[in-house]
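Quick note on the working numbering: the sequence shown kicks off at 3 and runs consecutively.
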Amino acid sequence: MERGLGRHFGLSIMTTLLYRGQQYAQHKEVAPKQLVELTYRRTVYANNKLKAAQAHPVLTYRGQEYQK
């Protein structure tokens, strides 16, 4: 299994993997995946946080109802 920089630079480096104390080598190719870029949208996050703060759900704990 290719790990680290080898995957990005086309190097075929096989490493020994460890699972529950047993070492093994994976003998299959890594499936190509399309990269997903995560983004941070400040306004979306802030709006959702504000909506959650304004919501007044009735919560129940051991039969006792309360509001946050």
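C-beta atoms are modelled at their ideal positions from N, C-alpha and C, and glycine is treated no differently.
Cβ-based neighbour list, M3, same chain, cut-off 6 Å, excluding 5 preceding and 5 following: Here residue 3 is taken as the residue at index 1 of the sequence shown, counted from 1. Confidence in M3 is poor, its pLDDT being 47 and thus under 50, which makes the residue's placement too unreliable to answer from.
Using a Cβ-Cβ cut-off of 6 Å (strictly less than) and excluding sequence neighbours within five positions of Q25, which residues of its own chain qualify? Taking the first residue of the sequence shown as 1, we reach residue 25 at position 23. Answer for Q25: T18, listed in chain order.
Hey, would you say P59 sits closer than 9 Å to K51, going by beta carbons? Within the sequence shown, the letter at position 57 stands for residue 59. Within the sequence shown, the letter at position 49 stands for residue 51. Going by C-beta atoms, P59 is not nearer than 9 Å to K51.
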